[in-house]
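Visitor: There's a structure below that I have some questions on.
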Amino acid sequence: MIRCSWVNEDPLYIDYHDHEWGVPVYDDRLLFEYLILEGAQAGLSWYTILKKRENYRKAFDHFDAERIINYNEQKIEELLENQGIIRNKLKVRSVITNAKAYIQIKEEFGSFSSYIWSFVDGKPIINHFSEPEDVPVTTEISDRLSKDLKKRGFKFVGSTICYAFMQAVGMVNDHINTCICYKTEES
């Protein structure tokens, strides 16, 4: 079975590739989780974050933004001592900042999903790449998403992070055309 070349032999990674990456996500909390985890990945590999995802869920109250916005300095210090997550002070603090911005977007647009999916007119972009090196790391859409998220107060949302997020949540499907998960149209 042929998969995208970035997948290693770890069953966790194979399962992520085969059942999550590129599959459209519309659940607000899950979209928020992916955005936070993509930001945590900055400078690291997604595999590193994927192995820590359950720790992140526990540490950050399953990405419940209403709880996260109330984190105090004691909670931040506790997170910075948690070996199950990336203990970068800026990344940890950005989760609180991003939770506040996320709540504001939900209030303005009715849901985070409505806001996020508006960047691709509500439907996935299905790409048709034949080589891994053909897959971009940024696009005009990820540039616009990044700029808008930053304007709204989000941190760790550069265009590369936004494009990785878009791939992860199925806003774009970048499985190469020889991959078992490749689709020729939205399904």
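Numbering-wise (numbering that gives the first Met the number 0), the sequence shown opens with residue 0 and increments by one.
We put the beta carbon where it would ideally sit given N, CA and C, even for glycine.
1) Cβ of G157 within 7 Å of any heavy atom in the ligand ADP?
2) Check whether the region 19-32 touches the region 161-174, taking contact to mean three or more Cβ pairs, one atom from each stretch, closer than 8 Å.
3) What did DSSP end up calling N172 once you bin it into helix, strand or coil?
4) With which residues is I125 paired in a DSSP beta bridge?
5) Am I right that L30 and S112 are in contact with their C-beta atoms under 8 Å? What's the rounded C-beta distance?
6) Once the 5 residues before and after R66 are set aside, which same chain residues still bring their CB inside 8 Å of it?
7) Taking the CB atoms as reference points, tell me whether I84 and N54 lie closer together than 8 Å.
8) Indicate the three-state DSSP secondary structure (helix, strand or coil) for P131 in the structure shown.
Guide: According to the data block:
1) Absence of the ligand ADP is noted for the structure shown, with no ligands found whatsoever.
2) Verdict: yes, contact present.
3) On the sequence shown, position 173 is the one that residue 172 refers to. It is a strand residue.
4) Here residue 125 corresponds to residue number 126 of the sequence shown, with the count starting at 1. Answer is N172.
5) By one-based count along the sequence shown, residue 30 stands at place 31. By one-based count along the sequence shown, residue 112 stands at place 113. Confirmed, Cβ separation roughly 6 Å.
6) The residue you call residue 66 lines up with position 67 of the sequence shown. Excluding positions up to five away in sequence, the list reads D60.
7) Looking up residue 84 in the sequence shown gives position 85. Looking up residue 54 in the sequence shown gives position 55. For I84 and N54, yes; Cβs fall inside 8 Å.
8) Taking the sequence shown and counting its residues from 1, one reaches residue 131 at position 132. The three-state reading of DSSP puts P131 in helix, counting H, G and I together.
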